[in-house]
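Student: Below you will find the structure I want to go over with you.
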Amino acid sequence: MKHRYYLVLGSSIQTLACLGATATLSILNSLQAQSIPADTLRSRALEETIVTATRSETRRDRVPQQIDIITRRDIEQTPATDVTDLVKKLAAVNVIQYPNLSSGVGIRGFRPQFSGLNQRTLLLIDGRPAGATNLSTIGLNNVERVEVLKGPASALYGSQAMGGVINVITRRSTGPLRGNAFAEYGSFQTYQAGGNVGGSLTNRLDFDASVNYLRRAQDYRIGKGNLFRNWLKGDQAVKYYSNKPAETIDDRKDDGQIRPNTKLTYYSGSLRLGYQISTNWRVDVRGEKFIADDVESPGDITYGTTQASLKDVNRQAGEVALRGQLAAHKPTLRVFASGENNFNQTTNVSGKPVTPFLSSNTANRWQGVQLQDNWQLGGHQLTVGYDYLNSSTSSRSWSDGVTEKAPTQPNYSIRSSAFYAQGQLAFGGDRFLLQPGLRVDDITFSVKETPLLTTFKPGKTTNPFVSPNLGASLRLAPSWQLKGTVGRAFVTPDAFNVAGYSETRTSTGRITITTGNPNLTNENSISYDLGLTFSRHKAGFRAGVTYFNTDVRDRIARIVTQVNEKQANGDVIVARATYVNAADSDLRGIESEISYDFGALTAYRYSLRLFGNATTMLRYSETLVSTDGSATQRDIANVAKMNLNAGLEYDSFRGLQLRLLSRYIGHRKDTDFTDAANPEIQYPEYLVLDLSASYTLAKHHTLGLQIANLTDENYYEKRGYNLPGRSLSVRYRFSF
37 MKHRYYLVLG
47 SSIQTLACLG
57 ATATLSILNS
67 LQAQSIPADT
77 LRSRALEETI
87 VTATRSETRR
97 DRVPQQIDII
107 TRRDIEQTPA
117 TDVTDLVKKL
127 AAVNVIQYPN
137 LSSGVGIRGF
147 RPQFSGLNQR
157 TLLLIDGRPA
167 GATNLSTIGL
177 NNVERVEVLK
187 GPASALYGSQ
197 AMGGVINVIT
207 RRSTGPLRGN
217 AFAEYGSFQT
227 YQAGGNVGGS
237 LTNRLDFDAS
247 VNYLRRAQDY
257 RIGKGNLFRN
267 WLKGDQAVKY
277 YSNKPAETID
287 DRKDDGQIRP
297 NTKLTYYSGS
307 LRLGYQISTN
317 WRVDVRGEKF
327 IADDVESPGD
337 ITYGTTQASL
347 KDVNRQAGEV
357 ALRGQLAAHK
367 PTLRVFASGE
377 NNFNQTTNVS
387 GKPVTPFLSS
397 NTANRWQGVQ
407 LQDNWQLGGH
417 QLTVGYDYLN
427 SSTSSRSWSD
437 GVTEKAPTQP
447 NYSIRSSAFY
457 AQGQLAFGGD
467 RFLLQPGLRV
477 DDITFSVKET
487 PLLTTFKPGK
497 TTNPFVSPNL
507 GASLRLAPSW
517 QLKGTVGRAF
527 VTPDAFNVAG
537 YSETRTSTGR
547 ITITTGNPNL
557 TNENSISYDL
567 GLTFSRHKAG
577 FRAGVTYFNT
587 DVRDRIARIV
597 TQVNEKQANG
607 DVIVARATYV
617 NAADSDLRGI
627 ESEISYDFGA
637 LTAYRYSLRL
647 FGNATTMLRY
657 SETLVSTDGS
667 ATQRDIANVA
677 KMNLNAGLEY
687 DSFRGLQLRL
697 LSRYIGHRKD
707 TDFTDAANPE
717 IQYPEYLVLD
727 LSASYTLAKH
737 HTLGLQIANL
747 TDENYYEKRG
757 YNLPGRSLSV
767 RYRFSF
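Residue numbers for the sequence shown follow my numbering, beginning at 37 and rising by one.
Pasting the structure below:
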């Protein structure tokens, strides 16, 4: 199937190249009578980017890890409303995404997660825990760039950083006041408006402020054009049963449908105040807020509107950071806290609409302290620090909005205390770089007594975990660099894995029961990668390939046993599920990237850049050992055989910008929870294109057009939760 994708991509690129050439000629012709400033014709060599995902500012070519950098320019030219939209379109990662502000990301073969304190991709904001289990609550208005570090990072960050780290870097403005305000209108009666401003108020005091509002007032329509789906023959999903033949499911039946209960409204804002105490010391105070009320959740499309619901989501976070310099030392002290609340309302009971009532509430809390010192030792650097984090979650449930019942999982907390150290050692004038690191975590996992939930025994366990890491890079020639890392990482089980209990029942009385496993142990991994990059910034060319291999021990996975247990009332238990430590998981793959700017041929009088990156999984399997000792091997759920992002962008440097962006996702496996037997299901592959264009006049006024899902594909990241078809939006931005 992949060869068809490359043919499609080539055709699309040829189309945009013609469009870019035509637009360039028209702009040049229109400006012949105008005076063109000399600086617009100067050479525009690409500069190396500074990254901070290693907990210290480091040039990208000094980092042995694989890091994708999403710039502010990328953010502005990509049809995206949150971090999930952004990274899935630009970083070749796997995602689970629902249409109701729920999403998560997985890196290097780890399954994406969108809830729970224990995830395998660590989410940071400015280097500290983001205080969010759901990436959809992190907007983009105040984001300067996003760094996606691929590979284990537990030696610096502890638990959760098994697959990688997503570090969201916010604006930090000084100098003259700068900012912008925008208004946007698009398909499905979608309104968006916002703005940001930042700079120095006095010689010592600076700030950044941002606000954003989005409302989708109309239910969206599922795609029906399906140019690429038809070519890829991606119109069928396949169910695999353990006790009967496979079953093919037709995905065409939902083409073009209006998806009820997909309206939403949310607000977000942030404020930062910075004060320069002295030449070497400054303090920053930052807060942020996200509010979404009455967000409509459509439920799985299999059930029509009978599983529709409402939810309120809010998240708030704050931090105080003190930074300074003492001779060769750069100490930092940061104190932070955050909270995330979800209030779910039931709107249907037994398939019939009812007056909405509160059915469940989940509250997540984080409090922590970070103490760090970056010590410059000649050409070397040593980073040492201490992290403390106390995270907790509590939940309540109601059967009718008044009568409380047992929640599906107990209240629990995870408290970690850790010391870490990492060196940045340079030899031979930076030709050979060595990055050894070590972190020692002491983690206490507490399952707490929970009202009305009696299916478990409260308790706590404390255990240390040591995470070493070693990275190295060797500059073989001025443009060639060989780099690699090896490291250990881990994640603790969550409360539902250990002590949860839930029943799902169909209208025909078929029941699936899921119970926790109190004997679970920490999931841990050993990972290594080896990569080769070639880069000539002035020539506009960069390419790289990285091989990675991760061996996961004691992987926590859900296993389903299909049974036939008839109950006295006529119901039938058709499946029992629990969580086990998989005997082994093997993740191997290749990451590749390439970009070339044809503008380098003209000393950057314009930019015409072709770019792409991909993750190809060579193996992504787990071996499960059931409670009866039998072993089963399967592919890891929600992980694609291939993830590929590619695009072509044009910048006239006179105000016109164009970008065509594509995303191809190969086959993925999942569990079909709409079938009481919980069979494995294989998703079809898909390809989606986005197009954006903008023109800036007199440096202050920008008019932009964005078309998401250009060919109107019917596709999904999670089956049953089809995403919008083609949508168009127009934006006006005023910059000052």
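Note that the Cβ used here is the ideal one computed from N, Cα and C, for glycine as well.
So what does DSSP say about D287, is it helix, strand or coil?
Tutor: On the sequence shown, position 251 is the one that residue 287 refers to. Helix at D287.
Student: Starting from the C-beta of N377, find all residues in its chain whose C-beta is less than 6 Å away, skip the five residues before and the five after it, and write them out in chain order.
Tutor: The count along the sequence shown starts at 1 and reaches residue 377 at position 341. Within the same chain, N377 has close Cβ partners N350 and A399.
Student: May I ask you to report which of helix, strand or coil DSSP gives G414?
Tutor: Looking up residue 414 in the sequence shown gives position 378. In the structure shown, G414 sits in coil (DSSP, three-state: anything other than H, G, I, E or B).
Student: If I follow the unbroken beta strand (DSSP E) through A535, where does it start and stop?
Tutor: Position 499 of the sequence shown holds residue 535. That residue, A535, is in no beta strand (DSSP E); its alpha helix (DSSP H) goes A531 to A535.
Student: What is the rounded straight-line gap between the Cα of Q312 and the Cα of Y221?
Tutor: The sequence position of residue 312 within the sequence shown is 276, counting from 1. The sequence position of residue 221 within the sequence shown is 185, counting from 1. If I take the Cα positions, the gap works out to 40 Å.
Student: Skipping 5 residues on each side, what residues in its chain have a beta carbon closer than 6 Å to that of H365?
Tutor: Here residue 365 is taken as the residue at index 329 of the sequence shown, counted from 1. Only D409 and W411 meet the Cβ criterion.
Student: Leaving out five residues before and five after T614 in sequence, what residues of the same chain have Cβ atoms less than 6 Å from its Cβ?
Tutor: As a position in the sequence shown, residue 614 is number 578, starting the count at 1. So the list reads T551 and N553, once near-sequence residues are dropped.
Student: Leaving out five residues on either side along the sequence, give the residues of the same chain with a beta carbon under 8 Å from the beta carbon of E83.
Tutor: Taking the first residue of the sequence shown as position 1, residue 83 is located at position 47. Here the model assigns E83 a pLDDT of 48, short of 50, so the residue's position is not dependable, and the following value carries that caveat. Cβ neighbours of E83 beyond the five flanking positions: H573.
Student: Tell me the DSSP bridge mates of I337?
Tutor: Taking the sequence shown and counting its residues from 1, one reaches residue 337 at position 301. Answer is none; I337 lacks a bridge partner.
Student: Any contact between the region 263-280 and the region 339-358? By contact I mean 3 or more CB pairs, one from each, below 8 Å.
Tutor: Touching, no.
Student: Could you check if G761 is buried or exposed, using at least 16 other CB atoms within 10 Å of its CB as the buried criterion?
Tutor: Along the sequence shown, read from residue 1 onward, the residue named residue 761 stands at position 725. Under this definition G761 is a buried residue.
Student: Apart from the five residues just before and just after V608, which ones in its own chain have a Cβ nearer than 8 Å to its Cβ?
Tutor: One-based indexing of the sequence shown puts residue 608 at position 572. Within the same chain, V608 has close Cβ partners G545, R546, I547, N600, E601 and K602.
Student: Whose CA, out of S765, T88 and S453, lies closest to the CA of S730?
Tutor: Sequence index remark: in the sequence shown, residue 730 carries index 694 (1-based). Closest by alpha carbon: S765.
Student: What beta strand (DSSP E) runs, 3 residues minimum, are completely inside the region 709-744?
Tutor: For the region 709-744, whole beta strand (DSSP E) runs of length 3 or above, ordered along the chain, are 716-719, 722-733 and 737-744.
Student: Specify whether the region 277-290 and the region 315-322 touch according to this definition: at least 3 beta carbon pairs, one from each stretch, less than 8 Å apart.
Tutor: Contact between the region 277-290 and the region 315-322 is absent, because fewer than three Cβ pairs lie under 8 Å.
Student: Under the rule that 16 or more other beta-carbon atoms within 10 Å means buried, what is R78, buried or exposed?
Tutor: Along the sequence shown, read from residue 1 onward, the residue named residue 78 stands at position 42. Caution is warranted here: a pLDDT of 36 is assigned to R78, below 50, making its placement in the model unreliable, and the coordinate value is therefore given only provisionally. Answer is exposed; the Cβ neighbour count stays below 16.
Student: May I have the straight-line CA-CA distance separating D620 from A128, to the nearest angstrom?
Tutor: In the sequence shown, residue 620 corresponds to position 584, counting from 1. In the sequence shown, residue 128 corresponds to position 92, counting from 1. Their Cα atoms are separated by approximately 25 Å.
Student: Below 8 Å between beta carbons: does that hold for G459 and N505?
Tutor: Here residue 459 refers to the residue found at position 423 of the sequence shown. Here residue 505 refers to the residue found at position 469 of the sequence shown. No; because the gap between Cβ atoms is not below 8 Å, this pair is not in contact.
Student: Pop quiz: P165 and S561 are said to be a contact at Cβ under 8 Å. What is the actual Cβ separation, rounded to whole angstroms?
Tutor: Taking the sequence shown and counting its residues from 1, one reaches residue 165 at position 129. Taking the sequence shown and counting its residues from 1, one reaches residue 561 at position 525. The Cβ separation is near 20 Å, so there is no contact.
Student: Tell me the DSSP secondary structure of A611 in three-state form.
Tutor: Position 575 of the sequence shown, counted from the first residue, corresponds to residue 611. Strand at A611.
Student: Within its chain, find whatever has a CB closer than 7 Å to the CB of T58; leave out the 5 residues flanking it on each side and keep chain order.
Tutor: As a working note, residue 58 is residue 22 in the sequence shown. For T58, the predicted structure reports a pLDDT of 38, less than 50, and the residue's modelled location is therefore unreliable. A value from the coordinates is still provided. Correct list: empty, nothing qualifies.
Student: On the DSSP bridge list, what partners appear for K125?
Tutor: As a working note, residue 125 is residue 89 in the sequence shown. None; K125 has no bridge partner.
Student: Cα-Cα, which of T521, P494 and G464 is closest to L512?
Tutor: For the purposes of this step, residue 512 is taken as residue 476 along the sequence shown, with counting starting at 1. When each option's Cα is compared against that of L512, the closest is G464.
Student: Alpha carbon to alpha carbon, what distance is there between L159 and A168?
Tutor: Here residue 168 is taken as the residue at index 132 of the sequence shown, counted from 1. Here residue 159 is taken as the residue at index 123 of the sequence shown, counted from 1. The alpha-carbon atoms of A168 and L159 are separated by roughly 8 Å.
Student: For R109, count neighbouring C-beta atoms within 10 Å of its own C-beta (all shown protein chains included) and say buried if the count is 16 or more, exposed if not.
Tutor: To locate residue 109, count along the sequence shown from 1; it is residue 73. Label assigned to R109: exposed.
Student: Does the beta-carbon of N65 have 16 or more other beta-carbons within 10 angstroms, so that it is buried, or is it exposed?
Tutor: Your numbering for residue 65 matches position 29 in the sequence shown. Its pLDDT being 39, under 50, N65 is placed unreliably in this model, and the coordinates cannot settle the point.
Student: Looking at the strands, I want to know which residues DSSP matches up with E376.
Tutor: Taking the sequence shown and counting its residues from 1, one reaches residue 376 at position 340. Answer is R351 and N400, bridged to E376.
Student: In the region 487-514, which residue ranges form an unbroken beta strand (DSSP E) of at least 3 residues, counting only runs that do not cross its ends?
Tutor: Whole beta strand (DSSP E) segments, 3+ residues: 495-513.
Student: Which residue from Y277, Q254 and T342 puts its Cα closest to that of S763?
Tutor: Start at 1 with the first residue of the sequence shown, and residue 763 comes out as number 727. The residue with the shortest Cα to Cα distance from S763 is Q254.
Student: For N262, which three-state DSSP category applies?
Tutor: For the purposes of this step, residue 262 is taken as the residue at position 226 of the sequence shown. Note: N262 maps to coil in three-state DSSP.
Student: Ordered along the chain, which non-local residues of its own chain (more than five positions away) have a Cβ less than 7 Å from that of R594?
Tutor: For the purposes of this step, residue 594 is taken as the residue at position 558 of the sequence shown. The residues are A613 and Y615.
Student: Alpha carbons only, please: which of A462, E629, Y448 and Q742 is nearest the one belonging to S430?
Tutor: Residue 430 sits at position 394 when you count from the first residue of the sequence shown. Residue Y448 is the option with its Cα nearest to S430.
Student: Compare the C-alpha of F224 against each of P296, L213, Y276 and F150 and name the closest.
Tutor: For the purposes of this step, residue 224 is taken as the residue at position 188 of the sequence shown. For F224, the nearest C-alpha among the options comes from P296.
Student: Let me know the secondary structure DSSP gives V119 once reduced to three states.
Tutor: Here residue 119 refers to the residue found at position 83 when the sequence shown is read from its first residue. Here V119 sits in helix by DSSP.
Student: For the alpha helix (DSSP H) holding L192, just list the boundary residues, first then last.
Tutor: Start at 1 with the first residue of the sequence shown, and residue 192 comes out as number 156. S190 to Y193 is the span of the alpha helix (DSSP H), which, as asked, contains L192.
Student: Counting beta carbon pairs with one atom in the region 122-137 and one in the region 209-221, are three or more of them shorter than 8 Å?
Tutor: Touching, no.
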